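Structure, as structure tokens:
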Amino acid sequence: MDRRMTYTCGTLRPEFMPTRRQFVKGALAGAAAVATAGCATKSAMLGPHDAAAGDNPLVHKTAADRVTIGSTGIVTSRLALGSGTHGSGGASDQTRLGMSAFVNQFTYGYSQGLTFFETAADYGAHPFIAEAVRQVGRQNVVILTKTEAQTAAAMQADLDKFRTYLGVDMIDMVLLHNKQSATWTTECAGAMDVLSQAKESGIIRAHGVSCHTLAALQLAAATPWVDVDQARVNPDGILMDADPATVISILTQMKASGKGVIGMKILGEGQLGNDLDRALTHAVGLSCIDAFTIGFVSNAQMDQVVQKIATV
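Quick note: the sequence shown, position 250, residue 251 per our numbering, numbers continuous.
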């Protein structure tokens, strides 16, 4: 595989222009985003061609809005297509659908303006995403994946494998996965060095971490190396690192320091599936997250969430 640098890290790629569908979705957005307890709402972007207009409290956010992930320069859709619901041991609810249904779902999401594909090595979804990317075009989507590697050798091996499995030369974001230790920066120093070098050489565009304890999350907030944090957040504290107010306060600090913040467990791994209005109102109203990921097992589920996001 060609290892040459394809894009300069931290710069916007010209092919990340909005589709006509995304422009129409953005132009139709209207009314106020709802404030949520513990974190002030951020005014929505007006749409892909209106970002320069600044904050506007009279504009709705949509799933296909173009958002920038922290200070990385990476621009993508507000909603990411997740591939790791109940994911572990190389499988997830999404991969268990089979290759054809998985790819159909991701290409359908892309047709709705969702240009953010989120995964991890532990989900076994890399080959599935590779086929979806092949069909929609690498230049049209942002890919985030996660790794369990801690040493330099393991991280280098993962980067090589990931790019092979995904069929790409460059991965937009690579995160250390499921960090729980209060000293994970020490334990993962070798892996972090390799990711820093990969960013410098254009193999990745940004690096960061996903945390699964409060101590790990607090360390991520205090660590300049973290470009992007993926954090569990929902209104009921389901499967979160701490209560919502505590987590949101830390994410607010991260956001203020320029880190990109991507929400996960928005629906509490499905436990809030019957309370979409409240869960999505909470996520959409958080100014401390740039984007959020949700995994679907049908296009109908996706349509329901996308429509709800546009109306909260």
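A virtual CB, placed ideally from N, CA and C, is assigned to each residue, including glycine. No experiment lies behind these values; they were computed from the predicted model shown.
- Its Cα nearest to that of Ser-250, the residue Ser-288 stands out among Thr-282, Glu-132, Ser-288 and Val-227.
- For Gln-308, same chain residues with a beta-carbon under 6 Å away, outside a window of 5 residues either side, do not exist.
- The Cβ-Cβ distance between Ser-84 and Tyr-124 falls below 8 Å.
- When secondary structure is reduced to three states using DSSP, Arg-233 falls in the strand class.
- Lys-147 sits away from Ala-126, with the two beta carbons spaced by 8 Å or more.
- Each residue's CA atom was taken as its position, placing Arg-279 and Ala-154 some 44 Å apart.
- Judged by pairs of C-beta atoms under 8 Å, the region 252-271 touches the region 222-235, as three or more such pairs exist.
- With a contact defined as Cβ atoms closer than 8 Å, Val-195 and Gln-157 qualify at about 5 Å.
- Fully enclosed beta strand (DSSP E) runs of no fewer than 3 residues occupy 67-69, 76-78, 80-83 and 117-119 of the region 51-120, in order along the chain.
- Here DSSP, grouped into helix, strand and coil, assigns Val-137 to helix.
- His-61 counts as buried, since at least 16 other C-beta atoms from the protein chains shown sit within 10 angstroms of its C-beta.
- For Trp-185, same chain residues with a beta-carbon under 6 Å away, outside a window of 5 residues either side, are Ala-217 in chain order.
- The criterion of a C-beta distance shorter than 8 Å is satisfied by Asp-237 and Leu-273.
- Asp-244 counts as exposed, since fewer than 16 other C-beta atoms from the protein chains shown sit within 10 angstroms of its C-beta.
- In this structure, the straight-line span from the alpha carbon of Ile-295 to that of His-87 is close to 12 Å.
- Counting only the Cα atoms, Met-303 lies some 13 Å from Ala-102.
- The alpha-carbon of Phe-297 is positioned some 32 Å away from that of Ser-197.
- If you look at Ala-223, you'll find it isn't in any beta strand (DSSP E); DSSP assigns it neither H nor E.
- Here Asp-242 is buried: its Cβ has 16 or more other Cβ atoms, across all protein chains shown, within 10 Å.
- A direct Cα-Cα distance of roughly 18 Å separates Val-313 from Leu-115.
- If you ignore the 5 residues before and after Glu-270, its C-beta comes within less than 8 Å of the C-beta of Thr-86, His-87, Ile-239 and Leu-240, all in its own chain and listed in chain order.
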